[in-house]
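Residue numbering for the sequence shown follows the numbering used here, starting at 115 and increasing by one per position. Glycine included, each C-beta is placed from N, C-alpha and C at the ideal position. What follows is one structure encoded as structure tokens, with my remarks underneath.
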Amino acid sequence: MTWFKKKDKAKAGESKDEGKATSRGAQNKGLSLPPDLDPSNAGAIYSSALLKGQFGPLTAAEYKQRLTTSGGVRSWYLPNAGYTVKYAYVSQRGLYPDKLDKANQDALCAHVNFADDGDQLLFGVFDGHGEHGTPCAQYAMQRVPMLMKQDPELSKNPHVAFFNAFVNANEQMHQSNIDDTMSGTTGICVLVRGRRIYVANVGDSRAIISEQRPDGTHGAQDLSSDQTPFRRDEIDRVRQCGAVVLTLDQLEGIKDPTIDTWTNEYEDDGDPPRLWLPHSMYPGTAFTRSLGDAIAERIGVFAEPEVLIKKLTPRNKLVIIASDGVFEFLPSQSVIDMATKFADPEEAALSIVAESYRLWLQHETRTDDITIIVLQIEGLVDDGAEEDDVIVTNQTVHGGDAALGLLEPAFPPVLGSAGEELTVDVQALRSSRTESEVDMLEGLTRGNFVLAALSPEEREAVYSVVQRQRVKAGEAVINQGGIGDCFYVVKSGEFDVYVSPAPGEEPEKVYTYLVDGGEHPSFGELGLLYGKPRAAMVVAATEGELLYLQRAAFKAVLASLDLGPVLQALRKVDLLSCLMPCEVQLLADLMQSRTFEPGQAIVRQGEVGDSFSIILDGEVAVTVARNANEEPKQVLTMGRFQYFGERALLQESKRAANVIAVNSVTVLEVSRADVEEHLGPLKAMAEQHKRWQAAVAAAAKKVPGPPPTPLTAESLSAHGTLWAYGDMAVRRYEQPGTGSAYLVRATAMPAGFVQVPVLKGRDAHQAVPVTALVPREVAVLKTSRAVMEVVDARPLCTLQQLAQQQPQQRFDEKTVQYVAASLVTALESCHRCGVVYRGLSTDTVVVSEEGVVQLCEFRHAKRIHGRTYTMCGSPEFMAPEMLEMRGHTEAVDWWALGVLVFCMTAGTSPFLHDTEDELQLYYNIIEGSMLFPPAFPAVTRTLVEGLMQMDPVQRLGHGNLGHQALKQHKFFDGVDWEKIAEGTHPLPADLFRAMEDFTGLAGSARQAGESGGHFVI
């Protein structure tokens, strides 16, 4: 935490009331007890806690070490206004059990005689967040006061000076050497100026003031309004800027994404609404304004403050400024109630911080940083003038950006998003279809591979969100090059198709859609899958009517049918913690519904249990009898999505209690026999998971540590491109003079913005344990045009670049075995950590200088808990369930591995069949029309067929025991799995020769004969 250095002597207005400073010590030195403390004081929460040793997991000494205080009460007399402000501040560093030394990300400032005006004081609290939150908060804490003092508006219009200072500090932070792409700070500042105060707020820290009532008690008045998605005006503003607002449960499909389920910040169930970029899973901010946060700024999270102007009266005794660490569990009134019990503002600050700390540990296993400034106003005399409070705010709308292209392969990767389908209000779209319209849609379903895969229930739900559109002759329905997001059906009329051979050239008419003999044509099928640019323009030749289905509505309605709350309940069961997401999903799918009448026993104490149940609806009473002669006594009640009987899944055991339906109850139930038939014995799966944990821990010990000195963008030079598409390039970088080399994922800056996004897969990458096969990310660097994610790998090339030097792009069996074994091990790590990879292809598998096969591209990866619905990845490697929008799990990665093994062995894709039509490629995948060459090895073929089963549950590799079965396949005979995991397995001779013959990366010094330059997009 950083503070403004307080002047030793202020001007004549400064009081000499420094008595408490001696007993507490100087600023930033720990905290000692005052000798006159009275623990019987009802308000002395901090003091009594200190005496009783109630500090959660900390000792009293450790607790004190986390505190920084003002070193006593400080005081300032405002000569023209004729009153005194006494103040004190306390900041407590947050307690994070997994990171005990984490720096305090809060910063504060306290300025008296501000801008050389004896009647002017400035106080501020800045609450940093993100990886670089501490320097962001410190920067804002220094820059905002400095800019205010420099602004000529300060003397006449302080609210304008506040606005300018926050906005300019934000812009200067972007230009500084602080990485504020995904980090930033909120800020709350109070300018005391004579008899008025000006409160500027950006974010969710808060300022409050006490108002003395006629009965002598003090009411709390908020001087700021938390800028979060709980505010309707703020949520409307950021949505206008393009933000997607969802809780994490909604983002993961656990709760209905089409309804704003939150009510207020005290009833958010620990899962507040957050802001996401469209088609992305970042940044996830829980506030709508801040300084820094360059990525979030693109969706309206800006630094423009709301400024409140208030005249002080003798009834105002206290002003409190605090970070959200105080208000997370304490309402404003409770904070005022506590503060008014103290004559000493530092005692008040200590007490409130201690109570906040206690409440954090009551609800969580960690605490936030907690910072507070308490001002006491003394001697203010009523001047008889009344003024209304004034709130000044600017409603600038920011947001929107465009991708900057690099180069595109023939079938470029699909950059999908889990958040895309969640922006639509499905309920608002639902409407009834006529019988003829349903017949029309049913007829289309048979010929559309996406719709054909739906169940009758799913089709009915999808049909309900199909919309009607009437068009006039000459009206364009879609434009060539535009991003497609709808699938259209011609109900009536004629529609001409035009194609322009090149930009600027006159379009040519190539086809006409019209109803013929009762057949209703359709177009825009790929619009249901992802935002593919339209290949043609469609114009209404006559007046007509269309039915259309939006991709976002299509995905949202399917997600709303999933078992989100059930999956959430299953994840809470300790015995099931060893299960991977696909297994949790399968377990949910296996559960059967049963209904019980009021008073009916669901289970009876003493009976042998063989099933596990989740309450879907209703309430049950749990009763226990200590012996056969005793009447059972109720010990608790349970309601929706609570569960019982989990031990029955592990082994046969007698029920420990009765479970009786209080009202009509519906439960979902699964038996141990069903679990063992479809998943395997739970005990075996738990043991398998423990073995994996031990193996990963052993392999991780052999991975070198991160670079000894911090990396900078200037210290690295580019030495060739591994692959590039869209707004991203993956390149080899070297650090001259050190011999170090790295893989760098560089994401280009869209034109007109100073910052760029860090890939959404970063969280997924960091969730996977570091091994030789999944190297760590060691730095995130920022240049004027790119964000560079630096991975501790020494890449030689990609698998595809090696294949291009092979005869017919084929590899020998030993090389295929080695590569496949490496990927099995890497993917197992991803899956056991709940990550679906989705980026596997010959273009993205990296081969290091040492021949280690590595996963470094996590752009498409996602942490999941059950099915997810985003279409993304390389089209040739997509699994059928992803294309059919049935929802997919990590089983898609085993399909992709099967495709990769086929490609390495045959030298061609199993589904291309010489087609250049992307839609035909998808049809080939859905139909499973895979053609094995005559010379394809028999054992390899059985592996590929096992990996590429159309039913994901039957796919080789699926689940805990599936990993074991995959490794035991005959194809992997002779593989030393431990050495594969450690990256020390001997290299196949043909792979070694191919690496020796590799001529170098495109643009590399080895190929071009010159040194590589700095990264340029």
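Remark: three or more beta-carbon pairs, one from each stretch, lie closer than 8 angstroms, so the segment 311-322 and the segment 273-286 are flagged as touching. Counting only runs of at least 3 residues, the segment 568-632 fully encloses the following beta strand (DSSP E) elements, listed from N- to C-terminal order: 581-585, 590-592, 600-606, 608-613, 622-628.
For the 7 angstroms CB-CB criterion, ALA202 and VAL488 form a contact. A Cβ-Cβ distance of about 7 angstroms is found for the pair ILE434 and ALA321, placing them in contact under the 8 angstroms criterion. Counting along the chain, the unbroken alpha helix (DSSP H) around GLN1034 starts and ends at 1032-1041. In the three-state DSSP reduction, LYS425 falls in the strand class (E or B). As computed with DSSP, LEU1070 is found in no beta bridge at all. For the pair LEU222 and PHE240, the Cα-to-Cα distance works out to about 6 angstroms. The Cβ-Cβ distance between ALA775 and PRO712 falls below 7 angstroms. About 5 angstroms separates the CB atoms of ARG480 and TYR210; that is less than 8 angstroms, so the two are in contact. By the Cβ neighbour-count rule, PHE1106 is exposed, with fewer than 16 other Cβ atoms within 10 Å of its own. Sequence-distant partners of ASP482 (beyond 5 residues in either direction) whose C-beta falls short of 6 angstroms from its own C-beta, in its chain, are GLY208, GLY439. A Cβ-Cβ contact shorter than 7 angstroms links GLN706 with GLU783. Cβ-Cβ distances below 8 angstroms link ALA1079 to LEU1070, GLY1071 in the same chain, with the five nearest sequence neighbours on each side left out; the list follows chain order. Under DSSP, THR780 takes part in a beta bridge, and its partners are THR709, ASP731. Of the residues assessed, LYS369 falls on the buried side of the cut-off, its CB having 16 or more other CB atoms within 10 angstroms. Taking the CA atoms as reference points, ASP374 sits about 17 angstroms from PRO392. DSSP places ILE323 outside any alpha helix (DSSP H); the residue lies instead in the beta strand (DSSP E), whose first and last residues are 320-326. Contact annotation: the segment 649-660 does not touch the segment 933-945, with fewer than three C-beta pairs closer than 8 angstroms.
Under the DSSP assignment, LEU663 falls in the beta strand (DSSP E) whose first and last residues are 658-664. For the pair ALA762 and SER727, the CB atoms are not nearer than the 7 angstroms cut-off.
ALA457 and SER465 have their alpha carbons spaced roughly 12 angstroms apart. Per DSSP, the beta bridge partners of GLN849 are SER854. Sequence-distant Cβ neighbours of ILE450 in its own chain, meaning closer than 6 angstroms and more than five residues away, are SER324, HIS332, ALA334. The continuous beta strand (DSSP E) containing ILE311 extends over residues 310-316.
Exposed is the label assigned to ALA175, since fewer than 16 other Cβ atoms lie within 10 Å of its Cβ.
SER205 is positioned such that its CB atom lies closer than 7 angstroms to that of THR485. The beta carbons of VAL603 and SER550 sit no closer together than 7 angstroms.
Within its own chain, the residues whose Cβ lies closer than 8 angstroms to the Cβ of GLN682, once the five positions on either side in sequence are excluded, are ASP363, ILE368, PHE755, HIS979, listed in chain order. If you look at ASP1104, you'll find it in the alpha helix (DSSP H) that goes 1103-1111. The three-state secondary structure of GLY557, taken from DSSP, is helix. Non-local C-beta neighbours of LEU684 in its own chain, meaning closer than 7 angstroms and more than five positions away in sequence, comprise LEU690, VAL698, LEU701, ALA702, ordered along the chain. Every alpha helix (DSSP H) of 4 residues or more that sits fully in the segment 169-238 is shown, in chain order, as 174-179. Counting only the Cα atoms, GLY1001 lies some 15 angstroms from ALA575. DSSP places LEU910 inside the beta strand (DSSP E), whose first and last residues are 909-912. The continuous alpha helix (DSSP H) containing PRO272 extends over residues 272-289.
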